[in-house]
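**Q** One structure, as structure tokens, below. Some questions next.
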Amino acid sequence: MNLVTRCHDDGHRVSEAVYSACDRYRYSLTRIWDHDDHRLLYIMLNPSTATELVNDPTIERCERRARMLGYGGFRVCNLFALRETDPSRLMRAPAPEGPDNREQILAAIDWAD
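Using the numbering used here, the letters of the sequence shown map in sequence onto residues 1 to 113.
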């Protein structure tokens, strides 16, 4: 397990992303704005272009929904951890799930309420 965790605190929320050392896989992306409130887990297909620093449209929608539902934060994991925006290339990739994805999903399930 060769993982890299990058964090960012903008004063309004804490963000964390877990990547493979080669940066080809993103195993999880977390946003927390209230550490005392419930936490939501989304499991999607594969990572968006969002990072610990910036949302993309998909993560922006996830955050809006989590806030609207009263959660204090959320984490996104994916069935396939490969960072790929082209679905056809994702399906042709030799190991789109990533070597550490199963363990990261199981940890995220424990993390969420």
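All C-beta atoms in this analysis are idealised placements derived from N, C-alpha and C, irrespective of residue type, glycine included.
Please determine if the region 78-87 and the region 44-51 are in contact, where contact requires at least 3 C-beta pairs separated by less than 8 Å.
**A** The region 78-87, when compared against the region 44-51, does touch it at the 8 Å Cβ threshold.
**Q** For the candidate residues R64, M68 and I59, whose alpha-carbon lies nearest to that of A143?
**A** Outside the shown range of the chain (1 to 113) lies residue 143, about which nothing can therefore be said.
**Q** Strictly by DSSP, which residues pair up with F74?
**A** In the sequence shown, the residue the question calls residue 74 occupies position 74. Note: F74 sits in a beta bridge opposite R31 and L40.
**Q** Just to confirm my understanding: we take T85, look at its own chain, exclude 5 residues before and 5 after, and list those with CB closer than 7 Å. What are they?
**A** For the purposes of this step, residue 85 is identified with residue 85 of the sequence shown, where counting begins at 1. Contacts found: T49.
**Q** Identify whether E84 lies in helix, strand or coil by the three-state DSSP scheme.
**A** Along the sequence shown, read from residue 1 onward, the residue named residue 84 stands at position 84. DSSP places E84 in coil when its eight states are reduced to three.
**Q** Quick one: Cα of L3 to Cα of G70, how far?
**A** Numbered from 1 along the sequence shown, position 3 holds the residue referred to as residue 3. Numbered from 1 along the sequence shown, position 70 holds the residue referred to as residue 70. Roughly 31 Å separates the two Cα atoms.
**Q** Since T5 is in the beta strand (DSSP E), which residue starts that stretch and which ends it?
**A** In the sequence shown, the residue the question calls residue 5 occupies position 5. Its beta strand (DSSP E) spans residues L3 to D9.
**Q** With G72 and T30 assumed to form a contact (beta carbons below 8 Å), what rounded beta-carbon distance in angstroms separates them?
**A** For the purposes of this step, residue 72 is taken as residue 72 along the sequence shown, with counting starting at 1. For the purposes of this step, residue 30 is taken as residue 30 along the sequence shown, with counting starting at 1. Contact doesn't hold; Cβ gap of about 11 Å is too wide.
**Q** Of the choices R65, Y27 and R13, whose alpha-carbon is the least far from that of M1?
**A** Working through the sequence shown from its first residue, we reach residue 1 at position 1. Measuring from the Cα of M1, the nearest candidate turns out to be Y27.
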